[in-house]
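Residue numbers for the sequence shown follow the numbering used here, so the first one is 1 and each next one is one higher. Structure first, commentary second.
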Amino acid sequence: FAGMSVDTGQIISEWVRDIGAREESSVVASDLRTTAAFATLVNATAGHALEYDDTAVFSGHYSNPVTAATLAVGERLGASGEDVILAWMTGYEVIAAVSKACATPKGNSLLVNGFFNQGFYPVFGCAAVAAKLMGLDAWQIRMAFGNAATAMSGLMKNRGSHSKAFTAGNAAMHGVMAAELASRGFSANEDIFDSDIGVARLMNLEHGNAESMLAGLGDWHLANFSTSLRLHASCAAGHWSTDALMEIMRDHKFDPAEIESIRATVNDFLMPSKPYHAPTTGLTAKYSVEYDLAATALDGRIGIAQFTDEAVMRPEVRDLMEKVEIQETAGVMGTVPMESTVTVTLTDGQTFEATANNTHGSPADPLTREEVLGKFAECTAALLPPSRRDEIVAICDRL
Numbered sequence: 001f002a003g004m005s006v007d008t009g010q011i012i013s014e015w016v017r018d019i020g021a022r023e024e025s026s027v028v029a030s031d032l033r034t035t036a037a038f039a040t041l042v043n044a045t046a047g048h049a050l051e052y053d054d055t056a057v058f059s060g061h062y063s064n065p066v067t068a069a070t071l072a073v074g075e076r077l078g079a080s081g082e083d084v085i086l087a088w089m090t091g092y093e094v095i096a097a098v099s100k101a102c103a104t105p106k107g108n109s110l111l112v113n114g115f116f117n118q119g120f121y122p123v124f125g126c127a128a129v130a131a132k133l134m135g136l137d138a139w140q141i142r143m144a145f146g147n148a149a150t151a152m153s154g155l156m157k158n159r160g161s162h163s164k165a166f167t168a169g170n171a172a173m174h175g176v177m178a179a180e181l182a183s184r185g186f187s188a189n190e191d192i193f194d195s196d197i198g199v200a201r202l203m204n205l206e207h208g209n210a211e212s213m214l215a216g217l218g219d220w221h222l223a224n225f226s227t228s229l230r231l232h233a234s235c236a237a238g239h240w241s242t243d244a245l246m247e248i249m250r251d252h253k254f255d256p257a258e259i260e261s262i263r264a265t266v267n268d269f270l271m272p273s274k275p276y277h278a279p280t281t282g283l284t285a286k287y288s289v290e291y292d293l294a295a296t297a298l299d300g301r302i303g304i305a306q307f308t309d310e311a312v313m314r315p316e317v318r319d320l321m322e323k324v325e326i327q328e329t330a331g332v333m334g335t336v337p338m339e340s341t342v343t344v345t346l347t348d349g350q351t352f353e354a355t356a357n358n359t360h361g362s363p364a365d366p367l368t369r370e371e372v373l374g375k376f377a378e379c380t381a382a383l384l385p386p387s388r389r390d391e392i393v394a395i396c397d398r399l
């Protein structure tokens with residue numbers, strides 16, 4: 001919903017509308033109906049547009065693409081709620097399985113090399129969603145995975161633009177297309193994950209191993225590890241710092257004009273995900289620790305409203321960003337704590353400090369129901385009246 005209220009969702013939905021495709025699946029928060037593949041494209045692009053979708057354990061945003069694919073294909077087929085939920089879980093499980101091949105001592109192999117993982121393994125999860133709902137047999141599913149592999153793509157350099165969200169939509173759409181083509185007999189390699197030139201090795205040249213994908217497959221990754229619901233509408237790499245600053249602001253009352261400096265420690269392997277140090281647009285600000293902290297200090301939160309172009313260019317936020325100092329702490333992901341210590345120094349010499357070891361919204365520190373409902377109200381405010389919003393909440397509560 002939130003992504004359809006901004007230009008990212010609007011531009012891509014209008015592009016699809018101009019195509020005039022067959023009306024079989026709904027675009028969320030719109031009167032547009034189109035093919036299942038194109039509805040998946042729009043919904044998954046909108047779902048990642050604001051960096052507000054959840055973050056899975058071990059990195060990535062799995063829920064958004066499988067939700068887009070499941071709703072679109074399920075609607076086209078008239079699938080039951082039970083079948084839709086099982087397909088959703090199957091798609092999430094496949095994404096989690098494929099992602100295991102990307103593990104390295106330095107972190108996710110795709111991210112380390114500048115690729116955006118959202119454009120890689122989710123394509124297989126969405127192929128699994130569509131294949132499950134369409135009732136494809138084992139051979140057709142192997143063809144669907146082979147077709148899906150052709151669409152793996154995405155670059156981290158596109159952060160701060162519409163194209164980062166398009167990476168999510170593109171992968172989800174091609175997953176659906178891959179299964180639809182397989183159902184018609186469209187062929188692909190039957191062992192696409194295996195061998196030195198298979199998916200596992202190519203995603204992770206030094207450590208990629210297709211067998212690693214099978215570990216725990218079918219034990220339901222989401223049930224075992226849960227996922228992190230973001231309370232902040234920005235790249236999660238800065239959320240430890242944001243939460244530490246919010247803790248300081250809860251414990252100590254001061255005027256932002258009194259701030260002399262804000263110092264924050266950030267794990268060095270997270271900083272490549274936050275490359276903008278003086279952002280000038282709402283999209284680039286989502287990838288800036290400096291902006292996260294400056295906007296939090298001024299507004300007490302960083303939700304949708306804080307990431308408009310106008311909000312980013314406020315003189316007071318520009319001034320405060322210059323007072324933010326980032327200290328990168330060295331270490332290898334998985335061997336050092338994921339944490340941030342923030343120190344606020346006021347002009348009168350007072351100093352306040354706090355350390356965040358878990359991001360609020362993570363499985364270790366989950367959001368309250370009130371916070372989840374508040375976020376849903378924020379995301380739908382531009383497009384839904386409260387009565388309709390409450391109706392949707394009631395429907396979801398019955399799942």
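By construction, the Cβ of each residue, glycine as well, lies at the ideal position given by its N, Cα and C atoms. As the structure is a prediction and not an experimental result, all values here were calculated from the model.
Listed in chain order, the non-local C-beta contacts of ILE141 below 6 angstroms within the same chain comprise ALA131, local neighbours out to five positions each way being set aside. Here GLU322 carries a coil assignment [DSSP, helix/strand/coil]. An exposed status is given to ARG388, since fewer than 16 other beta-carbon atoms sit within 10 Å of its beta-carbon. Beyond the five residues adjoining it in sequence on each side, ILE11 comes within less than 6 angstroms, by CB distance, of no other residue in the same chain. Cβ neighbours of MET249 within its own chain (closer than 8 angstroms, five residues either side excluded): THR296, ALA297 and GLY300. Judged by DSSP in its simplified three-state form, ASN189 adopts coil rather than helix or strand. Nearest Cα to ALA305 within the set THR380, SER273 and GLU75: THR380. Taking 4 residues as the shortest admissible run, the stretch 255-308 contains the following complete alpha helix (DSSP H) segments, listed from N- to C-terminal end: 282-285 and 289-299. Contiguous alpha helix (DSSP H) elements confined to the stretch 128-212 occur at 138-149, 162-183 and 199-203, taking only those with 4 or more residues.
Just measuring C-alpha positions, the residue of PHE186, MET156 and GLY160 sitting nearest THR150 is PHE186. If you check the CB distance, GLY125 and GLY91 come in under 8 angstroms. Residue pairing by DSSP places VAL336 opposite MET333 in a beta bridge.
Contact check for PHE1 against VAL28 passes: the beta carbons are separated by less than 8 angstroms. Residue ALA294 holds the alpha-carbon nearest to the alpha-carbon of ASP319 among GLN327, GLY218, MET338 and ALA294.
The residues GLU328, in chain order, have a CB closer than 6 angstroms to that of MET271 in the same chain once the five nearest residues on each side in sequence are set aside. By the neighbour-count criterion, in which 16 or more other beta carbons inside 10 Å mark a residue as buried, GLY331 falls on the exposed side.
When beta bridges are read from the DSSP output, GLY107 appears opposite THR104. Rounded to whole angstroms, the gap between the alpha carbons of GLU353 and HIS239 is 16 angstroms.
According to the DSSP assignment, GLU353 belongs to no alpha helix (DSSP H) but to the beta strand (DSSP E) extending over 351-356.
For THR35, there is no enclosing alpha helix (DSSP H), as DSSP gives it neither H nor E. Exclusion of the five residues before and after ALA36 leaves GLU24, SER25, ALA72, VAL73, ARG76 and VAL176 as the residues of its chain whose Cβ lies within less than 7 angstroms of its Cβ. With 16 or more neighbouring CB atoms inside 10 Å of its own CB, TRP88 falls in the buried class. Within 10 angstroms of the beta-carbon of GLN118 lie 16 or more other beta-carbons, which makes it buried. Beta-bridge analysis with DSSP links LEU346 to ILE259.
Taking a C-beta distance under 8 angstroms as the contact criterion, ALA68 and ALA96 do not qualify as a contact pair. Between ALA182 and ALA138, the C-beta gap is not smaller than 8 angstroms, which leaves the two residues out of contact. Here the stretch 217-235 makes no contact with the stretch 333-349; the two share fewer than three CB pairs at distances below 8 angstroms. The alpha-carbon separation between ARG184 and ALA172 amounts to approximately 19 angstroms. In the DSSP assignment, MET313 falls outside any alpha helix (DSSP H) and carries neither an H nor an E.
A straight-line Cα-Cα distance of about 43 angstroms links ALA285 and GLU190.
In this chain, the alpha helix (DSSP H) harbouring ARG250 covers 239-251.
Here ALA56 is bridged, per DSSP, to THR227. Non-local beta-carbon contacts of PRO337 in its own chain, meaning distances under 7 angstroms to residues more than five positions away in sequence, involve ASN357 in chain order. Taking a 10 Å sphere around the C-beta of HIS174, we find 16 or more other C-beta atoms and assign the residue as buried.
DSSP links SER26 through a beta bridge to ARG33.
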